[in-house]
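**Student:** The structure under discussion is supplied below as structure tokens; questions concerning it will follow.
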Amino acid sequence: MKKSVFLGALTVAGLAAGASAAATLDDVKARGTLNCGVSTGLTGFSAPDANGVWQGFDVAFCRALAAAVLGDPNAVEFVPTTGQTRFTALSSNEIDVLARNTTWTFSRDNDLKFEFAGVNYYDGQGFIVPRELGVASAMELDGATVCIQTGTTTELNLADFFRVNDMEYEPVPIETNAEAQQQYLAGACDAYTTDASGLAATRATFENPEDHVILPEIISKEPLGPLVRHGDPEWGDIVRWTLQALIAAEEYGVTSANIEQMASEAGDNAEVNRLLGTEGELGAMIGLDSDWAQRAIAAGGNYGEIFENNIGESSPVGLARGLNAQYSNGGLIYALPFR
Amino acid sequence: MQQDNLRRTGGRHNGDQGETSKMSVMTDPPPERFRLSQLIYDSRYRSLTIQVVAMVLLVLALSWLVSNTIQNLAALGKDFNFGFLTQSAGYDINQRLIPYDNQMSHGRAALVGILNTILVAFLGCVTATIIGTIAGVLRLSKNWIVGRLMTVYVEAFRNVPLLLWIILIFAIVNESMPHPRDFGSGDVPMVFGSIAITRQGTWIPAPVFENLSGALFIVFAASLVAIALYRRWARKRQEATGQISPVFWVSLGLFVLPTVIAYFLLGMPVSLDYPEPGRFRFDGGLLIRNSLIALWLALSLYTGAFIAEIVRGGILAISKGQSEAAYALGLRPNRTMNLVILPQAMRVIVPPLISQFLNLTKNSSLAIAVGYMDARATLGGITINQTGRELEGMLLLGLFYLVLSLVISAVMNVYNNRVKLKER
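Chains as they are written, first to last, in the working numbering: chain A, 1 to 339; chain R, 1001 to 1424.
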């Protein structure tokens, strides 16, 4: 009898679990870890290092979010997803947030029912070709074989680019960046196309990076950013404002080095005080405590530090800030006011 | 009458009434009142109870699945419709059996993928059957080396996952073959001057059909009909007179000669378009992509290993006395195999062969590992990903594989009915 009651209770619990969609924050807190969808491996953005610890630009955002919500930047379960599996993983509650160089588009926001929390990298689609091919422009690629990751916006942009320019090409569909790299180097395709940042990151891992050229044409706009499911705006706000906190921290000069000192007492800048919780009650408004942003910034530094450490000019990927500089330096990165 | 008897049994027994009252006791047991516990303990009702309970649980489970799906779709703000199939797909597919470009609909893209699945499944089934039959017969060979070699083949392919074979074969053709550009510089010669085996695929000359080629097809079809008629005539003649006609050579002649003669009479309406080295790859010709080659080969070799075992089992199932009797009648070994052993072995071979064909067809969905654009990759992959219609796409995909499998088993069952033991 006892057994059947137990089984019955288990069944009811199982049924109920399937139905709960909202309240991601409560789920994350109850679980004690944040499930963060990342790529299966893209150097600089999200890839495990030699010790098996995930590192990268997108990974750092996951850690900042975990620090803000759970107080521990290491309380993250990284879920590797491919271009094709990422959206299903997010829709089906397998992950709480997707931080995987995902382009913010109208149909993904509305038709696929996701909510983008902001843009953390302004990118565009480019091509990489072997230098020996002698191609100087993407307009010379008529008749070429092109490797693409399936299920991405790059696949659609590629089709548009060749159609508009009245050129022929042979697409070679590939599941992950690692496979694409292997196929491209093996000569199964003449060119590989993906976001320019991804091309730079991939080229950085080549044995002879100088044998490959990234063509000058950028054929699309690819604003990349973290995203969550529709239907839980509170959780979406937490993700959005964690990203904004990292960007604002760079703008106001809050770094991982000085944050402890700046957060110890209220300073002259009221905006920084509100951000770090020494003034006002911003944390309570999104269901967190007042130190949330402080922990997020302490996890891996502000936006500029995260960029520089993972993909910046001092890193092997070597990307310039370009469009991703603060607006005050001629870029598009612009923090919303903390008020 | 009944009541009367009952009343009497309760009463006093005396002389002439005793006989009737005893009988009525035996034929009419006291009426039993139905108790609820009988539903479990009485074997007459128990099976009914179990069925009703199982049915209720099944209906509950199904209704929960449906309501859970509806609830979760509503929570995500999604609806359930197939309108996406008419929207423009926007992506390109490299291997197309029907005209397709990226402005056509998702439905058309799905159809391109479906045809690609059918193509590789068909090629795979044919090749696997040929490989399997040869390997199965050779494994029974009296030659020790041949027998052991076939054992190694069967065990190696049967016991390593198919996905590994697909990737291995793809890696081999990808890495070991020359690059298409090497042909242009003349470093590598083409096979027979017209076939280029490269790491992007194999280019072969493509047939170009001109105006009168329709007539050629009619001639070819007519020669096929002639072959069938001739074979029937030869069999009837043999049954009636015992004389054996030369079936093979006449069939071969009928197969080749009329078409060749018509080809030249019509002024060579079919020409070949040879592949020429171009800027990046080959211009013209027909490209058989490495993804198709790898998938086709791996599926054929893998399923062929299973079919080899089925064929070997079928032959071993025929008692030795059959071939001994055939030898005693003076039949030569190849006629014994063709006329005595194989017709009986087919009865054992065909039913499990059907399920191998179904396995091969469903295994073709591993195509994504090498980027072969089958139904899984177009409808079940890119389309789902671009439109967010996971439920609809997966249902359609499941339905497609179900229908395809049912069609294959239906066709094979027709064949099975022809070869199976006719009992009267």
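A virtual CB, placed ideally from N, CA and C, is assigned to each residue, including glycine.
For a test of the three-state rule: what should DSSP assign to Asn1081(R), helix, strand or coil?
**Tutor:** Of the three classes helix, strand and coil, the one that applies to Asn1081(R) here is coil, per DSSP.
**Student:** Spell out whether any CB of chain A is found under 8 angstroms from the CB atom of Lys1422(R).
**Tutor:** No, because no Cβ of chain A sits closer than 8 angstroms to the Cβ of Lys1422(R).
**Student:** Taking Ser46(A) as the query, report the chain R residues whose CB atoms sit under 9 angstroms from its CB, ordered along the chain.
**Tutor:** The contacting residues do not exist; Ser46(A) stays about 19 angstroms from chain R at best.
**Student:** Is the separation between the beta-carbon of Ser1194(R) and that of Tyr1274(R) shorter than 8 angstroms?
**Tutor:** Contact: yes.
**Student:** Please state whether DSSP places Glu1324(R) in a helix, a strand or coil.
**Tutor:** Reduced to three states, the DSSP call for Glu1324(R) is helix.
**Student:** Looking at chain R, which residues of the segment 143-164 of chain A have a Cβ within less than 7 angstroms of any of its Cβ atoms?
**Tutor:** Taking 7 angstroms as the Cβ-Cβ cut-off against chain R, the residues of the segment 143-164 of chain A that qualify are Gly143, Ala144, Thr145, Thr150, Gly151, Glu155, Leu156, Ala159 and Arg163.
**Student:** How long is the line joining the alpha carbons of Phe106(A) and Phe116(A), rounded to whole angstroms?
**Tutor:** Going by the C-alpha atoms only, they are around 10 angstroms apart.
**Student:** May I ask you to report which of helix, strand or coil DSSP gives Tyr327(A)?
**Tutor:** If DSSP states are grouped into helix, strand and coil, Tyr327(A) belongs with the helices.
**Student:** If we count Cβ pairs, one from each stretch, closer than 8 angstroms, do we get three or more for the segment 1302-1312 of chain R versus the segment 1136-1147 of chain R?
**Tutor:** As far as the Cβ criterion goes, the segment 1302-1312 of chain R touches the segment 1136-1147 of chain R, which means the pair count is three or higher.
**Student:** On the DSSP letters alone, give me the boundaries of the alpha helix (DSSP H) that His212(A) sits inside.
**Tutor:** It is not in any alpha helix (DSSP H) - His212(A) instead sits in the beta strand (DSSP E) that spans His212 to Ile214.
**Student:** To the nearest angstrom, report how far apart Ala21(A) and Leu227(A) are at their CA atoms.
**Tutor:** Its pLDDT being 49, under 50, Ala21(A) is placed unreliably by the model, and the measurement read from it follows with that caveat. Looking at the two C-alpha atoms, the distance is approximately 16 angstroms.
**Student:** Under 7 angstroms Cβ to Cβ from Leu1421(R), same chain only, skipping five residues before and after it: list those, please.
**Tutor:** These residues qualify, in order along the chain: Arg1347.
**Student:** Scan the segment 1355-1369 of chain R for residues whose Cβ lies nearer than 9 angstroms to a Cβ of chain A and list them as they occur along the chain.
**Tutor:** Result list: Ile1368 and Ala1369.
**Student:** Val1414(R) to Gly1278(R), Cα distance in whole Å?
**Tutor:** Distance between the alpha carbons of Val1414(R) and Gly1278(R): 49 angstroms.
**Student:** Starting from the C-beta of Ile1204(R), find all residues in its chain whose C-beta is less than 7 angstroms away, skip the five residues before and the five after it, and write them out in chain order.
**Tutor:** Ile1195, Gly1285, Leu1286 and Ile1288, listed in sequence order.
**Student:** How many whole angstroms separate the CB atoms of Leu1123(R) and Ser1105(R), which I take to be in contact at a CB cut-off of 8 angstroms?
**Tutor:** That belief does not hold up - the Cβ atoms of Leu1123(R) and Ser1105(R) are roughly 27 angstroms apart, past 8 angstroms.
**Student:** Using DSSP's beta-bridge definition, name the partner residues of Gln55(A).
**Tutor:** Ala47(A), per the DSSP bridge assignment.
**Student:** Under 8 angstroms, do Leu1266(R) and Leu1301(R) count as touching if we go by C-beta distance?
**Tutor:** Cβ distance not < 8 angstroms, so Leu1266(R) and Leu1301(R) don't count as in contact.
**Student:** What are the partner residues of Thr1198(R), as DSSP defines its beta bridges?
**Tutor:** Paired residue(s): Gly1201(R).
**Student:** Step through the CB atoms of chain R and report whether any lies within less than 8 angstroms of the CB of Val213(A).
**Tutor:** Chain R, which has no Cβ nearer than 8 angstroms to the Cβ of Val213(A), makes this no.
**Student:** Flag this pair as touching only if the segment 1328-1348 of chain R and the segment 1035-1055 of chain R have three or more C-beta atom pairs under 8 angstroms; answer yes or no.
**Tutor:** Contact between the segment 1328-1348 of chain R and the segment 1035-1055 of chain R is absent, because fewer than three Cβ pairs lie under 8 angstroms.
**Student:** In terms of residue numbering, what span does the alpha helix (DSSP H) encompassing Phe106(A) cover?
**Tutor:** Residues Phe106 to Asn110.
**Student:** By how many angstroms is the C-alpha of Val254(A) removed from the C-alpha of Leu10(A)?
**Tutor:** Reliability fails at Leu10(A), whose pLDDT of 49 lies under 50, so the model's placement of it is uncertain and the value that follows must be treated cautiously. Looking at the two C-alpha atoms, the distance is approximately 49 angstroms.
**Student:** Are the segment 1170-1187 of chain R and the segment 1242-1255 of chain R in contact at 8 angstroms, needing three or more beta carbon pairs?
**Tutor:** No: fewer than three Cβ pairs fall under 8 angstroms.
**Student:** Does DSSP put Asp160(A) in a helix, in a strand, or in coil?
**Tutor:** Helix, per DSSP.
**Student:** Tell me the DSSP secondary structure of Tyr169(A) in three-state form.
**Tutor:** Strand.
**Student:** Would you kindly check if the distance between the Cβ of Arg86(A) and the Cβ of Val76(A) is under 8 angstroms?
**Tutor:** The answer is no: Cβ separation not under 8 angstroms.
**Student:** Apart from the five residues on each side of it in sequence, which residues of its chain come closer than 8 angstroms, Cβ to Cβ, to Gly1330(R)?
**Tutor:** None.
**Student:** Nearest chain R C-beta to Ile128(A) closer than 8 angstroms, yes or no?
**Tutor:** Answer no: the Cβ-Cβ gap between Ile128(A) and chain R never drops below 8 angstroms.
**Student:** By DSSP, does Leu1329(R) sit in helix, in strand, or in coil?
**Tutor:** Residue state, collapsed to three classes: coil.
**Student:** Is it true that the CB of Leu323(A) sits closer than 8 angstroms to the CB of Gly331(A)?
**Tutor:** Their beta carbons are under 8 angstroms apart, which means Gly331(A) touches Leu323(A) by this criterion.
**Student:** Mind pulling the alpha helix (DSSP H) runs of 4 or more residues that sit fully within the segment 1336-1411 of chain R?
**Tutor:** Listed in chain order, they are 1342-1363 and 1384-1387.
**Student:** Buried or exposed for Leu1399(R), going by 16 or more other Cβ atoms inside 10 Å?
**Tutor:** By the neighbour-count rule (16 or more Cβ atoms within 10 Å), Leu1399(R) is not buried but exposed.
**Student:** Let's test the definition: count the other Cβ atoms within 10 Å of the Cβ of Ile1070(R) and tell me whether it reaches 16, buried, or not, exposed.
**Tutor:** That one is exposed.
**Student:** Three-state secondary structure (DSSP) at Leu336(A)?
**Tutor:** Residue state, collapsed to three classes: coil.
**Student:** Give the single residue among Arg1376(R), Val1146(R) and Ile1261(R) whose Cα lies nearest to the Cα of Val1112(R).
**Tutor:** Measuring from the Cα of Val1112(R), the nearest candidate turns out to be Arg1376(R).
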